[in-house]
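Novice: Chains as they are written, first to last, in my numbering: chain C, 36 to 392; chain D, 36 to 392; chain X, 36 to 392; chain G, 36 to 392; chain V, 36 to 392. The structure under discussion is supplied below as structure tokens; questions concerning it will follow.
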């Protein structure tokens, strides 16, 4: 989950609008599937040649074209062309460093970029994949990098196939909404994992702090940073969709967009709470480290301040002066022990009064 | 008081609007009570079958339906249906992770989600419960999780029964306002408890700091975080109610909403002050820990810097060289004591000058 | 100067608008004084029965009713009734936890809550008292808790009595403005005291840091927090007064309100500067503590690293082996001293190079 | 450069608008100079009696009246009266705690308060002086405290005298702009000095940190705070000048105000950058202190952990037991040295592995 | 990469609009190249005399004048004069401390200042160069300091020469956009370098912290600060270009400006993420230092607390009392060893229980 993909600058100097795939190549070949439906008919097939899409572009049925894999810029360009996408839109589709955004050519299409998230439990990392949607009058084209396991859109396909649900009755705008909703639903799962990590970390902070705790905390904070970058701008995108009186979005769909907006706000809210908690934990960590240092120092001080004077005392009577009056005394040795005991007791009392023991 | 309920993502992949209860199951069975009144009549009873509600939906009297327990989604759906609630509204009612929000279907109903708070003195924790209100022309439906002890709406019921008060004369909008007001009044009690904890903590910081103090401070900060999440959005909700010229809210009720708005601002203000104080306390804590370390180090340093040289001196005359001129001296031993005394006094003077003693 | 008064929640559950005095009882009995004047006449007297106020309500002269003490809610209610105050306004008057606010019933009255501040030099604390103003067509009613020493409105009374000043010629709105101006002028005195404390603290930080410094700093920050809570909302209140085209405020008074607004901004500005300075001081404090620790550690290290090796050396020749070639040497003892001197010089050179000495 | 002048509250309780000079008295006597000019004529003289100003007030030529020294409130009042200034404006002129502000009486005058800054190299401090401008139809009155060395308006006077420049052709608004521009130009010089101090401090942080560094950093931060207070509000003032369609400002002057606005933004930008850098430096300082402590501790630890065990070993053979088998050994002494050498090498290896050496 | 160029104040006191070059002199002589083209013709040449520009000013073809080097203010003034630039615009061109800004004279020209960035790998520093664009009806004049290696506009020249691209067909506004786009593309490269440095630093923080790490982190933060200053205001500039309905910008160009705006937002987003990461790293650094101190202290404490008591014990039997019962014991010496072994084991057990080992 890097901050940006290498060579994000490789298009520098090219003509604005030159198509360059920026990002990791995640799949072998670009796969195009078309689902064409209305309330009574349903057709689903894989298309070999990008240009075939154009046969669907003019039909009155709702068409959903899904493109997996973005490295084959020619194919992307051809698919885009079928649906009238501007060259700059195509450039955005293949640049996986895009932040969530909304673009449009009035009366023609709406173009939405958003980020799909998945929690990789093996690596304890969050995977990010860019999804672009191109909504025209009666079609939706979705572009995925196909980096994540499992296709988050599969449940939607199932609902399209078997159900006599709203998805089959409503227009392309509702389909686009459903795709966005599926992506946003995925955020909750990711946040839940991160929430669990936050709680595990908090318990560790109370019980057994180690330098490792710090690095886990740091990696958590970094992931929250990346999530933030991926999710925050989406709020604006959906607000803009609601405000903008695009003729491509039916009034009936508005209530769903409002619901989606609420979900995004809820996600952001939780994200910010997690960030606040993570910040608080760093303070706790530093305090714990300070406390430990204090404790270590106390042990050292107690030992040293008791034994250093005692060692001095025994050192005195280790001197070899010929005239030391105490040495021949019968009870000299016992007396030294008595003095040392007194010193020790005094010290311990002092420590106890200072609450160091 | 977790950040979110487990399985908040369990609805992911379902059709938007599918009814899934998200949250802890807090009560055995869903209980529906209906209070139907106007200025002269008053009827209060428990309803067994959700569909019975519909008999009240058309009456000219004011009807207050209260539903306790949200796990039984079918019942919720039926009650909602009686009052014309959209499917997405029902979904919000049973998802206890909602943040406070306002939704509406113009001319039909206003839908308000808010958070009820209660201080659990046994656990020193803040309990959060979601309350949803559905205000239609002459009815209010309230949905509670019924997790908290005591029903915060009981005083309202009493006022409805015995008093010839404003509540019986005014419309459903005033009833809805009274319910919200009851919830917001509960916030003050919670803040007062937290304020007391802040003050106890402050005294502890001055008198006896312990690692435990840190964890209490941390838990306090976390509770303030949760409160913030529960209360902040309510301000927007009430502002929207005031701005929005819904026909469901009578102009006479506006002044009450303004008062409610002031109360929420006051709550937020106090909350932010508590947060600021809690932040300040962390600094104090860290400083106290530093001060203690300093003190410990000073004791160690004083002991060590006095006795280490002395031990060295006695070590010298413990050497077994055959030719040590001082050893046979008559006053050698006394001289060593004199030297040691001089060293000690020098050191103590030095420490005093440095204000370490 | 607590964050809120105890039992701020005691009204929870009551009908909204129920009159409950929230706050400390600061005076024995509620005292009502009436000043009634126009350009030629002046009458000042204490009223025994609250209802007497109504005789002034209808007169063409300007009437200023001042109420000291808020615990007697009945009297407050009666005075309020004379001037047509809404029940919610009365509730705000007796709740001393109000934040500064503006409320109004168009054409009838403006209701303003603000906070009077006084620096208690004996306790080094800031006292806060709530003042409410009810401005109607030709009367002003002011409500005070009467907790502070001296009445901040006395100079105003004097100006009303003796001067042929603007106050006697202008309307009730100018009187209300003058009352607010007197309150805001009091803020400058409080800030000046706090500014002096900030400067004293800064000097102490440079010269003699002690744990006590930290607590003084903490108490200062807390007082600034309380001030902030009392003063910030006032800006909004006065802005709203300026914006709102209330018929109760004459256009000639506007320039005075703008001046008052500037004063409040100036107060806020200074307050924020003091807050910034106080924050900066905490950093200085922590740094000073660190520096002291460093210094202590250096002394310890210098002493220990010089004497520990020396003690080791003398320890060697304290061993009782029968075959130790150095012991019988004539210059053995001198040689040991030479070695020890060499060690000491080496160490001191090392410390000097490291700038520890 | 205090946060506010003593006795800033001395006007409390007076009638709003009472003239009291607040601030240090910086000059012996109030000096009034008048420059009266149009494209062909130029007159410059010092006026003894304030009332003389009125002779210029009605003339068609452009008049610039400059008043140095603010303590003589009567003179100020008379000068103000000539140009129709409101009493509140006069009050602002003599209160040197004003923040930059814009006030106006439509069609009559614009009143601008701003802060002149000068870097005092001897004291390494920033001096602040308040300048007020009163722009009427064809006159500008400027009020200075005359605290700074050199008059920042002298170059303007020269340009007025010798040049056939724009200043002589344009109106009073352009003159007022030029005065403000001269003040803002002075900010760059101050920021440059502070920028140099920031850089010197940064070098010191890398090379030789001392407690003194901290106090220099603190004083720098405080000066930046004062600058901020003096400069930030000016942005608003100039924006308001641009927005407000005052008839006193000719459309041709607008482009100059836009340029001035850009300069102020640039100043603020640099100021904020310096503040960010100063904040960053505190972190560096604290880290440096920590690093030094670490280093000190390492030296102590290395010395102690090597010699304490050795001292123990030699202590063993200093015991006086009659039966110690090693003592009579021939190679006992050599053996002890061997053991000690081994211990030392082990320790050093350990330290090297931990990268302490 | 200083915060500002020396002598940024050297224009203080001059007439507003006086032309003074502020900044480093980066090139020997000012070089002016002119490219004049339309869809069919293309002319590119270097102009010796600034006044020659005027021959192009009136032509219907698109003219791009590029000026390298800003120190020769006369030449700049002449070039500016050809295209009708206001004196204040010229002043901005030669002042390299400008922040990105947009200025305009309606119907005549748009004036844009922006900052070109380049990463200097040798010095690990970011170089900043000011670029000003003056867009009139059918010409663009660009001014560069010519400090950076390589000309970022070269690819544009190539596209102009060889391609039958959009650049030749579109107007001067598209050319200006392309120049800005080239500059913004350069930002990505710089951010990528900084991103790599962030990652290298993060690895170092985990593996081998050194005081040097701190200084690298500090220098990184400072560079991010400078970038911020250079890039943030550009967003406003482009927004203003989009909003402002200048007749100089064709509606077809708007979509490109929107794309450019998105790129700038993306740059800012990444920049802020890097800043957040750098802040986080300081915390990690401080924690690492604390951890190391802790570790050092533990080693010292373990060694000291084991050996100090042992040294005391052997000290006892080094005393020379004549009556010490243990000394003549046969197993005395062995017994002492036993006691010492017991003490050591006790200590080690204690340390293990505290997890110090």
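For glycine and all other residues, C-beta sits at the position ideal for the given N, C-alpha and C. Because the structure is a prediction, the values reported are computed rather than measured.
Identify each residue in the region 244 to 256 of chain X for which the Cβ-Cβ distance to at least one residue of chain D is less than 8 Å, and report them in chain order.
Specialist: Within the region 244 to 256 of chain X, the residues whose Cβ lies closer than 8 Å to some Cβ of chain D are 246, 249, 250, 253 and 256, listed in chain order.
Novice: So, helix, strand or coil for residue 414 of chain V, using DSSP?
Specialist: There is no way to answer for residue 414 of chain V, as the model of chain V reaches only from 36 to 392.
Novice: Under 8 Å between C-beta atoms, does residue 150 of chain D make it to chain X?
Specialist: For this step, residue 150 of chain D is matched to residue 115 along the second chain. For residue 150 of chain D, the answer is no, since every Cβ of chain X falls outside 8 Å of its Cβ.
Novice: Taking 8 Å as the threshold (C-beta atoms), are residue 174 of chain X and residue 91 of chain X in contact?
Specialist: The residue given as residue 91 of chain X occupies position 56 in the third chain. The residue given as residue 174 of chain X occupies position 139 in the third chain. Yes; because the gap between Cβ atoms is below 8 Å, this pair is in contact.
Novice: For residue 127 of chain X, collect the residues of the same chain with a Cβ closer than 8 Å to its Cβ; drop the 5 residues on either side in sequence, then sort them by chain order.
Specialist: In the third chain, the residue the question calls residue 127 of chain X occupies position 92. Once the five neighbours on either side are set aside, the close Cβ partners of residue 127 of chain X are 133, 136, 138, 146, 148 and 167.
Novice: Please state whether the Cβ-Cβ distance between residue 362 of chain C and residue 342 of chain V is less than 8 Å.
Specialist: In the first chain, the residue the question calls residue 362 of chain C occupies position 327. In the fifth chain, the residue the question calls residue 342 of chain V occupies position 307. In this structure, residue 342 of chain V does not lie closer than 8 Å to residue 362 of chain C by Cβ.
Novice: Step through the CB atoms of chain V and report whether any lies within less than 8 Å of the CB of residue 333 of chain G.
Specialist: Start at 1 with the first residue of the fourth chain, and residue 333 of chain G comes out as number 298. For residue 333 of chain G, the answer is yes, since a Cβ of chain V falls inside 8 Å of its Cβ.
Novice: Quick check: the region 224 to 235 of chain D against the region 98 to 112 of chain D, are there 3 or more CB pairs under 8 Å?
Specialist: Contact between the region 224 to 235 of chain D and the region 98 to 112 of chain D is absent, because fewer than three Cβ pairs lie under 8 Å.
Novice: If we ignore side chains and look at the alpha-carbon of each, how far apart do residue 277 of chain D and residue 304 of chain X end up?
Specialist: In the second chain, the residue the question calls residue 277 of chain D occupies position 242. In the third chain, the residue the question calls residue 304 of chain X occupies position 269. One C-alpha to the other measures close to 32 Å.
Novice: Can you tell me whether DSSP reads residue 390 of chain V as helix, strand or coil?
Specialist: Against the fifth chain, residue 390 of chain V aligns to sequence position 355. Coil at residue 390 of chain V, not helix or strand.
Novice: Whose C-beta lies closer than 6 Å to the C-beta of residue 256 of chain D among residues of the same chain, with five residues either side of it excluded?
Specialist: Start at 1 with the first residue of the second chain, and residue 256 of chain D comes out as number 221. Correct list, in chain order: 313.
Novice: With a CB to CB cut of under 7 Å and the five nearest residues on each side skipped, what residues in its chain are close to residue 285 of chain X?
Specialist: Counting from 1 along the third chain, the entry for residue 285 of chain X is found at position 250. If we look at residue 285 of chain X and ignore the five residues flanking it on each side, its Cβ neighbours are 206 and 208.
Novice: Where do the N-terminal and C-terminal ends of the beta strand (DSSP E) with residue 267 of chain C fall, by residue?
Specialist: In the first chain, residue 267 of chain C corresponds to position 232, counting from 1. Run containing residue 267 of chain C: none in the beta strand (DSSP E); it sits in the alpha helix (DSSP H), 246 to 278.
Novice: According to a CB-to-CB cut-off of less than 8 Å, which residues of the region 265 to 286 of chain G neighbour chain V?
Specialist: Answer set for the region 265 to 286 of chain G: empty.
Novice: What residues from chain C crowd round residue 136 of chain D, counting only those whose CB sits closer than 8 Å?
Specialist: Within the second chain, numbered from 1, the residue matching residue 136 of chain D stands at position 101. Under the 8 Å cutoff, chain C gives 297.
Novice: Of the choices X:179, X:94 and X:96, whose alpha-carbon is the least far from that of residue 129 of chain X?
Specialist: Taking the first residue of the third chain as 1, we reach residue 129 of chain X at position 94. Nearest of X:179, X:94 and X:96 to residue 129 of chain X, Cα basis: X:179.
Novice: For the beta strand (DSSP E) containing residue 83 of chain D, list its first residue and its last residue.
Specialist: The sequence position of residue 83 of chain D within the second chain is 48, counting from 1. First-last for residue 83 of chain D: undefined, no H or E at that position.
Novice: Any beta carbon from chain X within less than 8 Å of residue 36 of chain G's own beta carbon?
Specialist: Position 1 of the fourth chain holds residue 36 of chain G. Because the pLDDT at residue 36 of chain G is just 41, under 50, the model does not fix this residue reliably, and the value given afterwards should be weighed accordingly. Cβ-Cβ to chain X under 8 Å: no for residue 36 of chain G.
Novice: Would you report the Cα separation of residue 339 of chain G and residue 345 of chain G, rounded to the nearest angstrom?
Specialist: Sequence index remark: in the fourth chain, residue 339 of chain G carries index 304 (1-based). Sequence index remark: in the fourth chain, residue 345 of chain G carries index 310 (1-based). Their Cα atoms are separated by approximately 10 Å.
Novice: Quick one: using the 10 Å Cβ neighbour count with 16 as the cut-off for buried, is residue 83 of chain X buried or exposed?
Specialist: To locate residue 83 of chain X, count along the third chain from 1; it is residue 48. Burial call: exposed.
Novice: Following the continuous beta strand (DSSP E) through residue 94 of chain X, name the residue where it begins and the one where it ends.
Specialist: As a working note, residue 94 of chain X is residue 59 in the third chain. Taken as a continuous stretch (DSSP letters only), residue 94 of chain X belongs to no beta strand (DSSP E), as it is neither H nor E.
Novice: Between the alpha carbons of residue 386 of chain D and residue 376 of chain D, how many angstroms are there, rounded?
Specialist: For this step, residue 386 of chain D is matched to residue 351 along the second chain. For this step, residue 376 of chain D is matched to residue 341 along the second chain. Each residue's Cα considered, the two are about 15 Å apart.
Novice: My guess is that residue 316 of chain V and residue 237 of chain V are in contact by the Cβ rule of under 8 Å, so how many angstroms apart are they, rounded?
Specialist: To locate residue 316 of chain V, count along the fifth chain from 1; it is residue 281. To locate residue 237 of chain V, count along the fifth chain from 1; it is residue 202. So it is a contact: roughly 6 Å between Cβ atoms.
Novice: So which residues of chain V does residue 350 of chain C contact, with C-beta pairs closer than 7 Å?
Specialist: As a working mapping, residue 350 of chain C is identified with position 315 in the first chain. Those within 7 Å of residue 350 of chain C in chain V are 350.
Novice: Once DSSP output is grouped into helix, strand and coil, what is the label at residue 181 of chain D?
Specialist: The residue labelled residue 181 of chain D in the question sits at position 146 within the second chain. It is coil, neither helix nor strand.
Novice: What does the alpha-carbon distance come out to for the pair residue 201 of chain V and residue 289 of chain V?
Specialist: Walking along the fifth chain from the start, residue 201 of chain V turns up at place 166. Walking along the fifth chain from the start, residue 289 of chain V turns up at place 254. Residue 201 of chain V and residue 289 of chain V: Cα-Cα distance of roughly 15 Å.
Novice: Cβ of residue 344 of chain G less than 8 Å from any chain V Cβ?
Specialist: Locating residue 344 of chain G in the fourth chain gives position 309, counting from the first residue. Cβ-Cβ to chain V under 8 Å: yes for residue 344 of chain G.
Novice: With distances taken from CA atoms, which of C:72, C:299, C:131 and C:298 is nearest residue 199 of chain C?
Specialist: To locate residue 199 of chain C, count along the first chain from 1; it is residue 164. The residue with the shortest Cα to Cα distance from residue 199 of chain C is C:72.
Novice: Give the DSSP-derived three-state secondary structure of residue 37 of chain G in the structure shown.
Specialist: The count along the fourth chain starts at 1 and reaches residue 37 of chain G at position 2. Low per-residue confidence applies at residue 37 of chain G: pLDDT is 49, beneath 50, and the placement is therefore not dependable, though the value from the model is reported in the following sentence. Residue state, collapsed to three classes: coil.
Novice: Can you pull the chain G neighbours of residue 358 of chain X, defined as C-beta to C-beta under 7 Å?
Specialist: Taking the first residue of the third chain as position 1, residue 358 of chain X is located at position 323. Result: 365, 367 and 368.
Novice: Output needed in chain order: residues of the region 314 to 325 of chain C with a Cβ under 9 Å from some Cβ in chain V.
Specialist: Result list: 317, 320, 321, 324 and 325.
Novice: Does the beta carbon of residue 101 of chain C come closer than 8 Å to any beta carbon on chain D?
Specialist: One-based indexing of the first chain puts residue 101 of chain C at position 66. So, not an interface residue.
Novice: Give me whichever residues DSSP pairs with residue 69 of chain V in a beta bridge.
Specialist: Sequence index remark: in the fifth chain, residue 69 of chain V carries index 34 (1-based). Bridge partners of residue 69 of chain V: V:80 and V:100.
Novice: Starting from residue 353 of chain D, find everything on chain C with Cβ-Cβ shorter than 7 Å and list it in chain order.
Specialist: For the purposes of this step, residue 353 of chain D is taken as the residue at position 318 of the second chain. Result: 350, 353, 354 and 355.
Novice: Between residue 338 of chain C and chain V, is the shortest Cβ-Cβ distance under 8 Å, so that the two count as touching?
Specialist: Mapped onto the first chain, residue 338 of chain C falls at position 303. Yes, residue 338 of chain C lies at the interface with chain V (some Cβ there is under 8 Å from its Cβ).
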